[in-house]
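Structure (structure tokens):
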């Protein structure tokens, strides 16, 4: 009963909004402010000083006490202002394997003519070990990085993050919750010791599966994210065309099919994915051309960074078909 | 919650700020503690600089225990003002050595603020206030530094932010200061040493008491006369009246209080306001003879005005005196007998002389004149350094050394009178005072301390006689400096005779007086007066509280508006470019959400080939201004704006059919 009331109250207060797309402006309604433990200590100090000033009839004691009281009021405005009207947007996130921390980047934009100092981010409601800080120059942008722990493969919602500040005096904690929409793909955790790669076939001349290597220039295709920079057709780019990637083929190229059915049938689904991930990494490391077959998905034989990313994403997002 | 470690810069900041706050205490602390605290500061800075480990908790514990024991030995207590401050400084210097994290740093800053207020226990002068304001500024800057969470933070930003924070806090502080209901302290028993070290008259007098006091340049009180001050020879400020003599020391015991003032007045009254510095005694000074009593004051049988409690803070009162008066004409025989008592076996030659005067002159007034004449004939020397006196002090002074200060003169004279059968007593107080024409008030310093005598004459009551005058008439007229021989070791203010220095001294004192009256003297009465002037005569604490809250809210609201108002940072290039986009938008070609200037230009070129060149020129210029590090001259933006304006008039108008 009490817990339910508490939840309702906190929902009303903190307005859980779910993931929000684009830049989030920290408007005043989104910002909460409370005294920190230091702030409460400061209040006790002020009361002590006031009692001392009264007891010893110290006029300057009153002056000092009132000056510090006013300072505390003023610091509240400063702390609030340090956070208000910041714009927060999520940057691109790198793909990671389950178990690795996901480095997430937030872009903070300061529309004001005052610099913002010591803006922190944390996943919990209060500053903790994962806190990171940055300053945002006047009218400028700064990055805040935070590691999101990952446990499972798939699409990860980094969840609600707390952007906060205690600047300038540390007497108040002003914070705002942001829940940016980001597409974070977490790859399956690669099996520690993989099964040996399936038999590597020599490429068949004129076969459906093109060998992909680095020996002979075979043509150009549109650039995919993750293609090695040395394969980019820089000359073409310099002419102002869009980025193209050079493709090569060679006699030495070998190819391999990474197939779900090659794994022991009694292996659990996640374990299978884990082994397939290991295979993809190994095949990529050996510069093989490879294709991937898993239930419902088939990725054609190819090589390079783009192929690695395609295969790993397919493994990450694999949804096992329901048993009939 | 993990508290992050603090940086070297923060450590240096905090250490320096706290050393500055403690600095005024150094003179008051035992030398070993000052040295120890300084050593700890240096040690802490050294450790921080070399990035070494801080000492272990055990070592610190031992040092805390040792330091506390040493303080206990020094002061015989751990409580009270002096020992408390010593303990605070000890703890602060040791806390410095275990300051690792942000939380420790905040604790240090808080102790620093508290140390500021302890300084006010000793002095509240303008200089102290200014110095400690600087300290508060630095401590606040150190706190900001702690919160900056960066190693490589410059010091200017913190100092500026701290100054801005404090400056913006001033209006609210003034509101609190004016309207916070002042409670009359103390709330609890003050420690015994709360007001020690305050100099002033005492309730006893022996040879050497006053000539020590007159070396002090401290202000005893200030007096402002409502209409015209009396002549210097009339400015006898009445202090403790001493009745009992043990052969060496004059004392007084608790004297009965008078219910009313019975004063036969013969001339007009003098009205004036006295602001007395705290002296931790009850007496309030007034010119001979007080005719009205200030609020909360009482008067004793010897016409000495008293406060109900010791004067531990600066006190202001208004009083009326009659310079021509008659008191005690109907004194009781018992009271007169007490004023005739002399200790047995002391000063035989003076007693014999007194009896001889009695035999020679017979009646009181004649004896009085005879005694003064005798003092004059003895060619007594008025000096600040009287020689030491033996058991029969008065005899030694009158017949052997023949040099002394006003306490010797008054004491010898009263002994003579008592021996001659004339009731007499010693009165201590102050004589004269320096007029400050800037502030229109008199400064009476400890160096104006004086002792004189009162004798009781038939039909005339107690009559003031100043035996010092018989020897050195200049004392009453020209003050101490005039009465003493050239080159006497005098205090600063009496010695300063150069007109410019004197003028500066008086200016400073009138500023100090204004400070005392308005800032330090702000109390419930002044709050009432302030509200009364504002048209509010109902000044209960409730009115004050309501006023306080209302005013505080108003000031905070204004401050909030000022602080939180929107001040967007605008690159002039953006403003101009936006205007340019606005014109295109009216032509139906608004930039899309998230479209960069180059993409936008490319799209415009496809949609309106006729304006391509103009759009490209403007876009290129905009991109240069906004994203390239190019030197911007005074007319750069103007040219850009002109280009955009020109675009609107000429190019866009020729819209293709």
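Chains as they are written, first to last, in our numbering: chain A, 49 to 372; chain B, 619 to 1275. In this text, a Cβ means the ideal position worked out from N, Cα and C, and glycines have one as well.
Indicate the three-state DSSP secondary structure (helix, strand or coil) for residue i in the structure shown.
| i | result |
| --- | --- |
| residue 996 (chain B) | coil |
| residue 879 (chain B) | coil |
| residue 747 (chain B) | helix |
| residue 161 (chain A) | coil |
| residue 155 (chain A) | strand |
| residue 1246 (chain B) | coil |
| residue 102 (chain A) | helix |
| residue 1042 (chain B) | strand |
| residue 1251 (chain B) | coil |
| residue 918 (chain B) | strand |
| residue 763 (chain B) | helix |
| residue 241 (chain A) | coil |
| residue 652 (chain B) | helix |
| residue 642 (chain B) | helix |
| residue 795 (chain B) | helix |
| residue 224 (chain A) | strand |
| residue 79 (chain A) | strand |
| residue 188 (chain A) | coil |
| residue 15 (chain A) | The question about residue 15 (chain A) has no answer here: the residues shown for chain A are numbered 49 through 372. |
| residue 868 (chain B) | strand |
| residue 1227 (chain B) | helix |
| residue 772 (chain B) | coil |
| residue 214 (chain A) | coil |
| residue 258 (chain A) | In this prediction, residue 258 (chain A) scores a pLDDT of 47, lower than 50, which makes its location untrustworthy; no coordinate-derived value is stated. |
I'd like to know if residue i contacts chain A, where contact means its C-beta is closer than 8 Å to some C-beta of that chain.
| i | result |
| --- | --- |
| residue 1182 (chain B) | yes |
| residue 639 (chain B) | no |
| residue 762 (chain B) | yes |
| residue 703 (chain B) | no |
| residue 1258 (chain B) | no |
| residue 1174 (chain B) | yes |
| residue 619 (chain B) | With a pLDDT of 47 at residue 619 (chain B), under the threshold of 50, the modelled position of that residue is not reliable, and the figure given next carries that caveat. Closer than 8 Å: yes. |
| residue 1178 (chain B) | yes |
| residue 1217 (chain B) | no |
| residue 758 (chain B) | yes |
| residue 797 (chain B) | no |
| residue 1193 (chain B) | no |
Nearest chain B C-beta to residue i closer than 8 Å, yes or no?
| i | result |
| --- | --- |
| residue 67 (chain A) | no |
| residue 181 (chain A) | yes |
| residue 51 (chain A) | no |
| residue 345 (chain A) | no |
| residue 140 (chain A) | no |
| residue 107 (chain A) | yes |
| residue 111 (chain A) | yes |
| residue 288 (chain A) | no |
| residue 61 (chain A) | no |
Of the residues the options, which one's Cα is nearest the Cα of residue i?
| i | options | result |
| --- | --- | --- |
| residue 953 (chain B) | B:694, B:695 and B:1042 | B:1042 |
| residue 752 (chain B) | B:1044, B:648, B:641 and B:799 | B:641 |
| residue 164 (chain A) | A:135, A:116, A:143 and A:323 | A:135 |
| residue 637 (chain B) | B:662, B:1219 and B:796 | B:662 |
| residue 1035 (chain B) | B:984, B:995, B:1054 and B:1065 | B:984 |
| residue 759 (chain B) | B:665, B:630 and B:844 | B:630 |
| residue 183 (chain A) | B:761, B:741, B:745 and B:768 | B:768 |
| residue 311 (chain A) | A:58, A:126, A:243 and A:147 | A:243 |
Next item on the list: Output, in sequence order along the chain, the residues in the region 123 to 138 of chain A whose CB is closer than 8 Å to any CB in chain B.
Entry: Taking 8 Å as the Cβ-Cβ cut-off against chain B, the residues of the region 123 to 138 of chain A that qualify are 123, 125, 126, 128, 129, 132 and 133.
Query - Interface residues of the region 212 to 235 of chain A facing chain B [CB-CB below 8 Å] - result: 214, 215, 216, 217 and 218: these are the residues of the region 212 to 235 of chain A whose beta carbon lies less than 8 Å from some beta carbon of chain B, given in chain order.
*Check distances from the C-beta atoms of the region 1138 to 1172 of chain B to those of chain A and list, in chain order, the residues that come in under 9 Å.*
Correct list: 1138, 1139, 1140, 1141 and 1170.
| Mind pulling the alpha helix (DSSP H) runs of 4 or more residues that sit fully within the region 695 to 734 of chain B? | Runs found: 699 to 714.
Practice prompt. Quick one: which residues of the region 714 to 748 of chain B get their C-beta closer than 7 Å to a C-beta of chain A? List them in chain order.
Written response: Cβ contacts with chain A come from 724, 728, 731, 732, 734, 735, 738, 739, 742 and 747.
Could you list the residues in the region 766 to 791 of chain B with a C-beta less than 9 Å from some C-beta on chain A, going in chain order? Hits within the stretch, in order: 766, 767, 768, 771, 775, 776, 779, 780, 782, 783, 784, 786, 787, 788, 789, 790 and 791.
Given a limit of 8 Å on CB to CB distance, which residues of the region 917 to 943 of chain B reach chain A?
Those residues of the region 917 to 943 of chain B that come within reach of chain A (Cβ to Cβ, closer than 8 Å) are 930 and 931.
inquiry  = Please identify, using Cβ separations under 7 Å, the residues of the region 857 to 873 of chain B that lie next to chain A, in order along the chain.
reply    = Hits within the stretch: zero.
Going along the chain, which unbroken runs of the beta strand (DSSP E) with 3 or more residues stay wholly within the region 1033 to 1084 of chain B?
-> Fully enclosed beta strand (DSSP E) runs of 3 or longer: 1042 to 1049, 1052 to 1054, 1059 to 1063, 1067 to 1075 and 1079 to 1083.
Which parts of the region 909 to 968 of chain B are runs of the beta strand (DSSP E), unbroken and 3 residues or longer, counting only runs that do not cross its ends? Correct list: 915 to 918, 923 to 925 and 933 to 940.
### Query
For the region 87 to 103 of chain A, which residues have a CB atom closer than 8 Å to at least one CB atom of chain B, in sequence order?
For the region 87 to 103 of chain A, the residues whose beta carbon sits under 8 Å from a beta carbon of chain B are, in order, 89, 90, 93, 96, 97, 99, 100, 101, 102 and 103.
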